[in-house]
Every structure is written in structure tokens, then in C-alpha cells.
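First residue of the sequence shown: 1, per UniProt numbering; consecutive thereafter. Glycine is no exception: its CB is placed at the ideal position from the N, C-alpha and C atoms. For clarity, every value in this text was computed on a predicted model and none was experimentally measured.
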Amino acid sequence: MTDPSVDALRTGAVPASPAGLDLDRLAGYLAEHRPGLAAGPLQARLIAGGKSNLTYLLRLGDREVVLRRPPLGHVLATAHDMGREFRVISALAPTAVPVPEALLLCTDPDVIGAPFYLMERVPGEVFRTRAQTDPLGDDRRRALAMAMMDTLAALHTVEPAAVGLDDFGRPDGYLARQIRRWAGQLDRSRSRDLPGIDELRDLLAATAPEGANAGRIVHGDYRLDNLLASADPVAVHAVLDWEMATLGDPLADLGLLLTYWDVLGGSEKAAGNPVADGLGPHAGFPTGAELIDRYAGRSDVDVGPLHWHVALGCFKLAVICEGIHYRHTLGQTLGEGFDRIGDMVAPLVAHGLTAARER
């Protein structure tokens, strides 16, 4: 999904900067604040764009690092917080949860047009498409899925206070706030009629559970293609995309994962879609039930019924897809495939309503 226009090299003259990244101002900022990172010419390449935060691979002389910044244009309030990402990967560095090394945080939007942070590049592959996952075969697909669940269990067993994250969120009322938050994000992304989505919001609000597991570190968007992994040997090398991390109920992570895995990953409509292609049983991976069993065997979290959390995951992902669709209509996405993301909203709402009505 790399835009062919996003490679640039700083050679002394003002460079042709990649979309969303002013290389000349970035080079000046690094020279002042981290001169050790500024040695040699600066080269940038977009490696993920448009769905969420923008991610660039920077070559600084003979060193490679990664830069993250919010998406272009229509940015939902609190949804693209660079400081949260930087803080949580810094805190998790000494734990069993694999994260990249945090290098630098810049909260000044005047440097490149938005806050950003730098992290060390971690070797590995983001498994996102069927072209990547089909060659793995059944055994390695299964091992990769189970490694994904082992890593999530490791995250949920980290004691927040032990890593300085005891004030990272407000666990009490987390699930009710999630509904209000994503309802607010929906209102800021509305550009067309979305049948059933308000009914789903109201049904979730009326039936929200207490959240007995509240107080754990929650990733907020945990799925296979938010991991850097390898297939030979199978291993997870880093968990990425921490923009929605907080303290809350870990069942929210499981519910959203099942939404990606069984709802989108079990649908023919997801084929070729940049949100879900290559995930789930439709792509030859184990079922969501098998993933939950693996997680439950390695975590002290009371899994219990997950239908409400799947419904919340459907609502949340429907809002995210609608926000991406809205940015796409405004010409503010970078990369390919975003014209189809809006098509996922209706099936997500329909499945969410079904799950929310289960007892």
C-alpha cells in the first residue's frame, strides 16, 4: 500500500517530502534535539497509510527507525494520541510484551504538521493479506495465531502499577465510556445514512456489563496485522499501534479480536479488504473459539460470555471504518483499497445487533 510518491532523499537542497512528512523540518528538529539520530542523509518511505496513524520508515545514515504521526485531515478527537503510544511502549519495554524501543516524542505540531514519535525498527513481517498467509500452511498459521494469543495474555497479566501505568486510564465505568466515546466519534464521522447503527449504540448502552476484569492494560485494537512476526520460526517480535491503549476490561480486546477474526475474517466480503484480508478462519486459521481457549489457558482473566463484547467490537470497528470512509471521500487516505472499507459498515452493524441480542 505504499504510494510511489512517498520516497524522498535529503541531499542538501529542500527535498520533495513524502505526503504528511516535512523532511526538511524533521531533519532540522533532529539535528537540534537528537543529533545522534541526525547523522547522514535522511530518507523516508511510507509503510502504512490511511487506515489509522501514518507510519514511515526513516533511514538516518546507516540506521533505520520508524516514525508515527496521525492521519491527514479529519482526525477524531483522542483517537490518534502520539503521547499515549509513546508512553505505553516505553513502559512495557522491560516486560514480556514485545514492543519497539521508544526513541523520541515530539508534541509540537509545527515541526511536521502533527505530533509524532520515533521508535526503533524491529525486524519482522506484518501478516495482512492472503498472499502472505496462504503460503504458511496449516501448521504455521495455527502456531502464529496461538503466538498472537499468548502475547495478548502476557499483556493482560502485566500489573499497571508495576510499570508506571497505574494512572493510564480510568477502569471504573470503562465499558460505558467506550460506548459514549465511539458514539461521539460516529457523530463526527457521519456523512451518509447508516441503518441500525444508532439502535446498536442504544442496545449496547442499555445492556453494558459491570466489567469484572477492569483495570488491566488494554491494547484497544489487537489483531494479527498489528504485530511484527516471523513464520520461520514462528514468533511475535513486536506489538504495534498502541494509539487506543488504556486501562480497562481485557474482554474488550477479545471481543474486538473476534470481530476481526470471525465476523470479518469469516466473510467472503472481507476478501481483498485492507481491514481484514488474510485474517481468520476464512483464510485457513483456527476459529475464534480456539483462540479464546488458548488465551484462557494462559491468563487469569475470567473470559465468560463474550457476545456483548463482540457487539461492542462490531460497533467500534463500524465507527472506525466509517471514519476511514469519510477520510477517503475527502481525499485524505494514502494507499490503496480504502474505497472498499465503507462497505464493511453495514455487515458489522448487522452482526453487532445479533450479538447484542444474545443472552
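Just list the alpha helix (DSSP H) runs in the stretch 114–158, keeping only unbroken ones of 4 residues or longer that don't cross its boundaries, in chain order. Taking only runs of at least 4 residues, the alpha helix (DSSP H) segments lying wholly in the stretch 114–158 are 130–133, 137–156.
Counting along the chain, where does the beta strand (DSSP E) carrying Thr-246 start and finish? Indexing the sequence shown from 1 puts residue 246 at position 246. Unbroken beta strand (DSSP E) run through Thr-246: 246–248.
In its own chain, which residues sit with a C-beta less than 6 Å from the C-beta of Arg-69, not counting the 5 before and 5 after it? If you number the sequence shown from 1, residue 69 lands on position 69. Taken in chain order, the residues that qualify are Leu-54, Ala-114, Phe-116.
Within 10 angstroms of the Cβ of Asp-253, are there 16 or more other Cβ atoms? Answer buried if so, exposed if not. As a working note, residue 253 is residue 253 in the sequence shown. With 16 or more Cβ atoms within 10 Å of its Cβ, Asp-253 is classed as buried.
Apply the 10 Å Cβ neighbour rule to Pro-18 and answer buried if 16 or more other Cβ atoms are within range, or exposed otherwise. Along the sequence shown, read from residue 1 onward, the residue named residue 18 stands at position 18. By the neighbour-count rule (16 or more Cβ atoms within 10 Å), Pro-18 is buried.
Taking the beta carbon of Arg-190 as the centre, do at least 16 other beta carbons fall within 10 Å, making it buried, or is it exposed? Counting from one through the sequence shown, the residue named residue 190 turns up at place 190. So Arg-190 ends up on the exposed side.
Neighbour-count burial assignment, Glu-322, 16 or more Cβ in a 10 Å radius: As a position in the sequence shown, residue 322 is number 322, starting the count at 1. Looking at its Cβ environment, which holds 16 or more other Cβ atoms inside 10 Å, Glu-322 is buried.
As assigned by DSSP and simplified to three states, the class of Pro-38: For the purposes of this step, residue 38 is taken as residue 38 along the sequence shown, with counting starting at 1. In the sequence as displayed, the identity of residue 38 is Ala instead of Pro. Ala-38: coil per DSSP, three-state reduction.
Relative to the alpha-carbon of Leu-227, which residue among Met-149, Val-310, Leu-23 has its alpha-carbon at the smallest distance? Working through the sequence shown from its first residue, we reach residue 227 at position 227. Minimum Cα distance to Leu-227 is reached at Met-149.
Arg-84 versus Asp-22, Pro-98, Leu-104, Leu-60, residue with shortest Cα-Cα distance: Reading the sequence shown from its first residue, position 84 is the one you call residue 84. Ranking the options by Cα distance to Arg-84, first place goes to Leu-104.
Please classify Ala-13 as buried or exposed, where buried requires at least 16 other C-beta atoms within 10 Å of its C-beta. Counting from one through the sequence shown, the residue named residue 13 turns up at place 13. Its pLDDT being 39, under 50, Ala-13 is placed unreliably by the model, and the measurement read from it follows with that caveat. With fewer than 16 Cβ atoms within 10 Å of its Cβ, Ala-13 is classed as exposed.
Starting from His-237, trace the alpha helix (DSSP H) both ways and give me its first and last residue. To locate residue 237, count along the sequence shown from 1; it is residue 237. Note, His-237: premise wrong, no alpha helix (DSSP H); beta strand (DSSP E) at 234–239.
Nearest to Thr-246 (by Cα), restricted to the options Gly-220, Gly-265, Thr-329: Within the sequence shown, residue 246 is the residue found at index 246, counting from 1. For Thr-246, the nearest C-alpha among the options comes from Gly-220.
Rounded to a whole number of angstroms, what is the C-alpha to C-alpha distance between Leu-203 and Ala-356? Counted from its first residue, the sequence shown places residue 203 at position 203. Counted from its first residue, the sequence shown places residue 356 at position 356. In a straight line, the C-alpha of Leu-203 is about 7 Å away from that of Ala-356.
Alpha carbons only, please: which of Leu-21, Thr-129, Val-66, Met-119 is nearest the one belonging to Leu-224? On the sequence shown, residue 224 is found 224 positions in, with the first residue counted as 1. The shortest Cα separation from Leu-224 among Leu-21, Thr-129, Val-66, Met-119 belongs to Thr-129.
Cβ neighbours of Val-234 in the same chain (closer than 8 Å, five flanking residues each side left out): Working through the sequence shown from its first residue, we reach residue 234 at position 234. The answer, listed in chain order, is Arg-140, Ala-143, Leu-144, Ala-147.
Beta-carbon contacts of Val-236 that lie in its chain and below 7 Å, excluding the five residues immediately before and after: Your numbering for residue 236 matches position 236 in the sequence shown. Excluding sequence neighbours, Val-236 sits near Pro-98, Ala-147, Met-148, Thr-151, Leu-227, Ala-229.
May I ask you to report which of helix, strand or coil DSSP gives Thr-55? Counting from one through the sequence shown, the residue named residue 55 turns up at place 55. DSSP places Thr-55 in strand when its eight states are reduced to three.
Would you give the residue range spanned by the alpha helix (DSSP H) that Ser-90 belongs to? Stepping through the sequence shown from its first residue, residue 90 is reached at position 90. That run of the alpha helix (DSSP H) goes 82–92.
Helix or strand or just coil, what does DSSP make of Ile-47? Here residue 47 refers to the residue found at position 47 of the sequence shown. Ile-47: strand per DSSP, three-state reduction.
Based on the DSSP secondary-structure assignment, which residues constitute the bridge partners of Leu-227? Against the sequence shown, residue 227 aligns to sequence position 227. DSSP output for Leu-227 lists Val-239 as bridge partner(s).
Beta carbon of Asn-213, beta carbon of Pro-171: below 7 Å? Here the question's residue 213 lines up with position 213 in the sequence shown. Here the question's residue 171 lines up with position 171 in the sequence shown. The answer is no: Cβ separation not under 7 Å.
Check whether the Cβ atoms of Leu-23 and Leu-42 lie closer than 7 Å to each other. Numbered from its first residue, the sequence shown carries residue 23 at position 23. Numbered from its first residue, the sequence shown carries residue 42 at position 42. In contact: Leu-23 and Leu-42 (Cβ atoms closer than 7 Å).
Just to confirm my understanding: we take His-309, look at its own chain, exclude 5 residues before and 5 after, and list those with CB closer than 7 Å. What are they? For this step, residue 309 is matched to residue 309 along the sequence shown. Excluding residues within five positions, the ones whose Cβ falls inside 7 Å are Leu-251, Ala-252, Leu-254, Gly-255.
Residue environment, residue 361, which counts as buried when at least 16 other CB atoms sit within 10 Å: No answer is possible for residue 361: it lies beyond the span of the chain, which begins at 1 and ends at 359.
Please identify the residue among Gly-331, Arg-25, Asp-343, Pro-100 whose C-alpha is closest to the C-alpha of Leu-194. Residue 194 sits at position 194 when you count from the first residue of the sequence shown. Nearest of Gly-331, Arg-25, Asp-343, Pro-100 to Leu-194, Cα basis: Asp-343.
If the criterion is Cβ atoms closer than 7 Å, does the pair Gly-265 and Leu-279 meet it? As a position in the sequence shown, residue 265 is number 265, starting the count at 1. As a position in the sequence shown, residue 279 is number 279, starting the count at 1. Cβ distance < 7 Å, so Gly-265 and Leu-279 count as in contact.
Nearest to Leu-258 by alpha carbon, out of Val-303, Leu-46, Ser-299, Thr-133? As a first step, residue 258 is located in the sequence shown; it is residue number 258 there, counting from the start. If we check each option's Cα against that of Leu-258, Val-303 comes out closest.
Rounded to whole angstroms, what is the Cα-Cα separation between Arg-216 and Arg-192? Taking the first residue of the sequence shown as 1, we reach residue 216 at position 216. Taking the first residue of the sequence shown as 1, we reach residue 192 at position 192. Their backbone Cα atoms lie some 36 Å apart in a straight line.
Could you compute how far the alpha carbon of Glu-358 sits from the alpha carbon of Gly-196? Along the sequence shown, one-based indexing puts residue 358 at 358. Along the sequence shown, one-based indexing puts residue 196 at 196. Cα to Cα, the separation comes out at about 17 Å.
Exposure label - Thr-133; buried when at least 16 CB within 10 Å: Here residue 133 refers to the residue found at position 133 when the sequence shown is read from its first residue. By the neighbour-count rule (16 or more Cβ atoms within 10 Å), Thr-133 is buried.
Cβ pair Leu-200, Leu-306 closer than 7 Å: For the purposes of this step, residue 200 is taken as residue 200 along the sequence shown, with counting starting at 1. For the purposes of this step, residue 306 is taken as residue 306 along the sequence shown, with counting starting at 1. Not in contact: Leu-200 and Leu-306 (Cβ atoms no closer than 7 Å).
Can you tell which of Ala-283, Ala-238, Phe-315 has its C-alpha closest to the C-alpha of Pro-347? Within the sequence shown, the letter at position 347 stands for residue 347. Nearest option by C-alpha distance: Phe-315.
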